[in-house]
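Worksheet for the structure shown next.
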Amino acid sequence: MSKRYEIRFSGAGGQGLITAGIILAEAASIIEGKHAVQSQSYGPEARGGASKSEVIISDSPIDYPKATVVDACLAMTQESADKYANGIKKGGVLLIDSDFVKNEPKGDFKVYKMPIMRTAKDVVGREIVANVVALGAMIALTDAVSREAGLQAVLSRVPEAFIELNRKAYAQGFEDMKKILG
Amino acid sequence: MAYDYEKSLRPGKLPHIWCPGCGHGIVMKGLLRAMDTCGLEKNNTALVSGIGCASRLPGYVDMCTLHTAHGRAAAFATGVKMARPEMNVIVMGGDGDGTAIGGNHFIHACRRNIDMTYVIMNNFIYGMTGGQFSPCTPTGDKASTTPYGNPDPTFDISKLAIGAGATFVARTTAFHATQIDKLIAEGIKHKGMAIIEVLDDCPTTYGRRNKFRSVVDMMKRLKDIAVPVTAAGKMTAEQLEGKILTGVLYKEDKPEYCEQYAKVIARAKGAK
Amino acid sequence: MAKKVALMQGNEACAHGAMYAGCTFFGGYPITPSTEVAEVLSNELPKVGGKFIQMEDEIAAMASVLGASLTGAKVLTATSGPGVSLKQELIGYACIAEIPCVIINVMRGGPSTGMPTGPGQSDVQQAKWGTHGDHATIALVPASVQEIFTETVRAFNLAEKYRMPVQVLYDEIVGHMRERIEFPEPGELEIINRTLPTVPPEQYKPYDTSFGDVPPLAAFGSGYRFHVTGLNKAQDGFPTTKAEYVDAEERRQVRKVEGEVARAQIELNEEYLTEDAEVLIFAYGSTSRSARYAVNELRKEGIKAGLFRPLTLWPFPEKRISALGKQVKAIIVPEMNLGQMNLEVERVVKGSCPVISIGRVDGEPLNPGQIIAQVKEVK
Chain S
0 MSKRYEIRFS GAGGQGLITA GIILAEAASI IEGKHAVQSQ SYGPEARGGA SKSEVIISDS
60 PIDYPKATVV DACLAMTQES ADKYANGIKK GGVLLIDSDF VKNEPKGDFK VYKMPIMRTA
120 KDVVGREIVA NVVALGAMIA LTDAVSREAG LQAVLSRVPE AFIELNRKAY AQGFEDMKKI
180 LG
Chain A
0 MAYDYEKSLR PGKLPHIWCP GCGHGIVMKG LLRAMDTCGL EKNNTALVSG IGCASRLPGY
60 VDMCTLHTAH GRAAAFATGV KMARPEMNVI VMGGDGDGTA IGGNHFIHAC RRNIDMTYVI
120 MNNFIYGMTG GQFSPCTPTG DKASTTPYGN PDPTFDISKL AIGAGATFVA RTTAFHATQI
180 DKLIAEGIKH KGMAIIEVLD DCPTTYGRRN KFRSVVDMMK RLKDIAVPVT AAGKMTAEQL
240 EGKILTGVLY KEDKPEYCEQ YAKVIARAKG AK
Chain C
0 MAKKVALMQG NEACAHGAMY AGCTFFGGYP ITPSTEVAEV LSNELPKVGG KFIQMEDEIA
60 AMASVLGASL TGAKVLTATS GPGVSLKQEL IGYACIAEIP CVIINVMRGG PSTGMPTGPG
120 QSDVQQAKWG THGDHATIAL VPASVQEIFT ETVRAFNLAE KYRMPVQVLY DEIVGHMRER
180 IEFPEPGELE IINRTLPTVP PEQYKPYDTS FGDVPPLAAF GSGYRFHVTG LNKAQDGFPT
240 TKAEYVDAEE RRQVRKVEGE VARAQIELNE EYLTEDAEVL IFAYGSTSRS ARYAVNELRK
300 EGIKAGLFRP LTLWPFPEKR ISALGKQVKA IIVPEMNLGQ MNLEVERVVK GSCPVISIGR
360 VDGEPLNPGQ IIAQVKEVK
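Residue numbers (numbering that gives the first Met the number 0), protein chains in the order written: chain S, 0 to 181; chain A, 0 to 271; chain C, 0 to 378.
Next up, the structure:
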């Protein structure tokens with residue numbers, strides 16, 4: 000991994016993408032002891048609209064806390080793909096929810112497709128954990144943190160009653176991406 | 000034997016700034032007697048005011064006194080009371096200070112029902128700045144900024160206080176000097192927000208513009224328009240035309256703000 | 000033992016810093032992007048018997064903290080641009096009546112409602128001159144989540160020590176971003192409390208300069224009775240219009256912060272690669288992070304850039320900036336406003352080198368690329 004690694008999670012407000020970013024930043028900075036900064040931008044609406052959360056991970060202290068050129072991007076909706084799947088580094092990666100992003104953004108990066116919401120609903124059992132499915136997939140895709148650190152960070156954030164659900168969601172996202180990567 | 004006011008006043012701070020004939024001094028004396036009646040300790044009593052003639056009152060009184068900014072007395076007083084609930088907190092101020100620039104703080108202090116006593120001296124005018132109309136200047140009256148008569152409707156301060164949630168509301172006038180201290184004392188003893196409205200006179204900036212020939216005329220008017228709330232029930236609508244009700248207008252027992260917050264603290268510390 | 004660490008937002012760190020400093024009273028009013036400070040304190044303060052109150056407006060919030068401070072509490076309020084505009088009246092009251100308090104300003108764009116969720120640094124001159132009348136100002140400008148914690152503690156210390164309002168200004172970027180923070184152990188950071196009177200109550204005067212430029216402040220309810228007013232006052236606290244008293248008090252209140260001894264204790268700066276710098280970047284808050292990034296990139300290309308980063312913005316680091324102005328070829332001042340501190344740098348260097356402003360007010364962060372381009376232009 001390069002010295003400074005930038006990841007962007009984007010989708011609709013209320014999909015839990017800010018939480019996904021926070022979990023990744025916790026995995027990197029609290030569990031793995033690296034430097035990490037998480038930031039977000041959101042519209043005035045509490046739900047809906049396009050929302051994004053960015054995480055920068057580095058081996059050394061992070062000066063500029065916002066994304067410059069992102070190494071990896073997630074887009075859960077067409078609106079967020081149109082708005083935020085730009086500024087991806089040459090050779091970077093983009094993961095889209097293939098059920099919702101029909102107009103695939105074009106650029107000098109590799110696009111990966113997964114039916115993320117559908118996986119959460121039909122395979123894991125609850126749509127609400129789509130963000131954790133996506134997080135598992137992004138960690139598998141980017142190696143930004145270890146699989147174990149990611150899982151530990153997920154589990155430390157969720158209430159007791161939802162631990163198994165989230166463990167399943169994380170594993171599903173991670174495994175599905177590993178299959179895509181071959 | 001004459002009542003000893005000096006024991007509650009700061010030495011060397013008189014004469015006060017009020018004009019001859021102004022009723023604020025009558026209210027101050029009422030306050031001092033009420034404090035005595037209630038046995039308030041000087042060290043444990045905060046007297047808070049805003050800006051205006053009435054708001055100069057705390058400077059003369061030997062207590063913990065806080066002369067704040069225009070309209071802000073109730074908000075400062077809320078901070079004092081919240082931080083030190085064991086202190087007695089009394090706010091003294093005028094009608095413009097309390098219901099115009101300070102109107103928002105006034106209604107919210109009433110709504111919280113925080114344990115303080117707010118004596119509002121309503122002389123229907125901004126006196127200190129030279130007689131501009133206030134929210135309490137009667138419609139049609141003259142003020143330095145209503146040379147053609149006041150087009151504004153007026154606030155009824157007591158009704159405003161009741162509507163906003165104060166749990167003790169009383170009214171009297173500067174003429175009814177002996178009632179002032181009784182009502183203030185009742186307000187101090189009441190647990191919760193007590194509003195005591197004292198209709199007052201400003202001969203200098205209100206009286207002379209509105210055909211009052213003398214202070215005596217103004218005092219007579221205060222006497223004439225006052226109807227004890229206990230007597231009003233037997234009077235007809237015609238008889239009550241142009242009158243104002245005096246005495247305890249409203250009293251209710253409701254949870255007091257600092258006590259409510261003490262429960263918040265208990266819950267935060269783990270109580271069920 | 001390993002220190003307690005967490006990933007948290009700047010606003011959350013501010014609230015925890017306040018708790019560490021011994022804050023026992025918060026009065027506030029909701030406003031983006033500062034609201035998390037209030038939310039955390041509404042949860043934390045009652046746990047230690049402290050008080051949290053959400054007031055009816057920004058002015059009332061400021062009034063409530065001043066009332067509480069006079070009873071001896073360490074007090075805080077937090078807001079953003081529009082709220083600070085409203086609070087100016089009582090910031091002035093706190094200055095003249097000399098009431099310790101800390102005001103957090105999480106800066107966004109402006110004027111007026113501006114861009115509530117976009118970052119800005121446009122309140123830095125307001126912090127100095129926002130309230131009417133001559134007065135001294137202390138304003139701190141942290142740039143990271145960890146620093147928001149420590150600077151909030153320092154703000155309380157300075158407010159208590161100098162008996163005045165202290166403002167902490169940071170922008171929405173650092174207020175909302177999450178970083179790792181290591182919590183200092185109790186006792187690790189110095190905590191300063193206001194000086195209480197040593198004289199008996201009957202001899203106490205609230206502005207008694209025989210105890211120095213910062214007179215002891217008694218608490219209401221502690222056995223001391225005194226008068227507090229927003230009018231010009233004499234040493235006994237009572238209003239006066241006597242020219243010599245008014246003049247002496249006004250000058251003392253400015254001197255207590257801007258005098259040489261006080262400045263040395265209040266000013267705090269960080270310099271990065273300034274020894275041999277040919278181009279100096281003067282930057283504060285989140286913009287200083289862009290500047291540091293830019294300095295590192297420029298140094299890779301052999302360009303001798305350096306960074307001066309004030310943590311205390313007011314009083315302004317006049318001496319050091321004046322000296323650096325004589326050393327470097329140019330000073331570049333990037334800020335998320337249209338050149339507010341640039342004016343101050345210009346004033347201080349008195350023409351000894353060009354001072355170039357990079358202003359950004361579109362609600363986007365000022366990025367390193369803009370700074371790098373500007374430095375290369377002057378080289």
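Every residue, glycine too, gets a C-beta built ideally from N, C-alpha and C.
With the rule of 3 Cβ pairs closer than 8 Å, the region 18–26 of chain S counts as touching the region 150–157 of chain S. Rounded to whole angstroms, the separation of the alpha carbons of Glu266(C) and Gln87(C) is 23 Å. His107(A) and Ile21(S) have their C-alpha atoms roughly 39 Å apart.
DSSP places Gly70(A) in the coil class of the three-state scheme, outside both helix and strand.
Counting only runs of 4 or more residues that sit fully inside the region 46–115 of chain A, the alpha helix (DSSP H) segments are 72–82 and 102–111, in chain order. Within the region 90–121 of chain C, Tyr92 place their CB atoms closer than 8 Å to a CB of chain A, listed in sequence order.
Per DSSP, the beta-bridge partners of Cys72(S) are Arg7(S) and Leu93(S).
Judged by DSSP in its simplified three-state form, Tyr117(A) adopts strand. Secondary structure of Leu168(C) (DSSP, three-state): strand. DSSP places Lys141(A) in the coil class of the three-state scheme, outside both helix and strand.
Annotated three-state conformation of Ser133(A) is coil, per DSSP.
Look at the region 141–228 of chain C and you find these whole runs of beta strand (DSSP E), each 3 residues long or longer: 164–170, 177–181 and 226–228. Identification of residues in the region 268–293 of chain C having a C-beta nearer than 9 Å to some C-beta of chain S yields Ser285, Ser287, Arg288, Ser289, Ala290, Arg291, Tyr292 and Ala293, given in sequence order.
Looking at the DSSP output, Arg170(A) bridges to Glu196(A) and Gly246(A).
The Cβ-Cβ distance between Glu277(C) and Lys328(C) falls below 8 Å. Put simply, the CB of Ile264(A) is near chain C, with a gap under 8 Å to one of its CB atoms. When the Cα atoms are used, Gln259(A) and Ala72(C) turn out to be separated by approximately 20 Å.
The DSSP-derived three-state label of Leu44(C) is helix. Boundaries of the alpha helix (DSSP H) harbouring Arg166(S): Ile162 to Leu180, taken from the DSSP string.
A distance below 7 Å between beta-carbons, with the five flanking residues on each side excluded, links Arg117(S) to the following residues of its chain, in chain order: Asp98. Scanning its chain for C-beta atoms nearer than 7 Å, with the 5 sequence neighbours on each side dropped, one finds around Thr136(C) the residues Ala126, Lys127 and Trp313, in chain order. Interface residue (Cβ-Cβ distance to chain C less than 8 Å): Cys63(A) is classified as such. It is roughly 11 Å from the alpha-carbon of Thr23(C) to the alpha-carbon of Arg83(A). Identification of chain C residues near Ala35(S) by a Cβ-Cβ cut-off of 9 Å yields Leu6, Arg177, Glu178 and Arg179, ordered along the chain. For Gln39(S), at least one C-beta of chain C is nearer than 8 Å to its own C-beta.
At least one C-beta of chain C is nearer than 8 Å to the C-beta of Tyr260(A). The continuous stretches of alpha helix (DSSP H) do not include Ile16(A), and DSSP gives it neither H nor E. Burial is judged here by how many other beta carbons sit within 10 angstroms of a residue's own beta carbon; Glu163(S) has fewer than 16 and is exposed. Secondary structure note for His15(C): its alpha helix (DSSP H) is the uninterrupted segment Gly9 to Ala20. Under the Cβ criterion of 8 Å, Tyr4(S) is not counted among the residues facing chain C. The C-beta distance from Met18(C) to Glu43(C) rounds to 5 Å, short enough to meet the 8 Å contact threshold. At a cut-off of 8 Å between C-beta atoms, Ile265(C) does not count as an interface residue with respect to chain A.
With a threshold of 8 Å between beta carbons, Gly58(A) makes contact with chain C. Shown here for Asn130(S): same chain residues with a beta carbon closer than 7 Å to its own, the five before and five after excluded, namely Gln14, Gly15, Leu16, Thr18 and Ala19 in chain order. Identification of residues in the region 19–37 of chain C having a C-beta nearer than 7 Å to some C-beta of chain S yields an empty set. Contact note: Asn43(A) reaches chain C through Gly220, using a C-beta cutoff of 8 Å and chain order.
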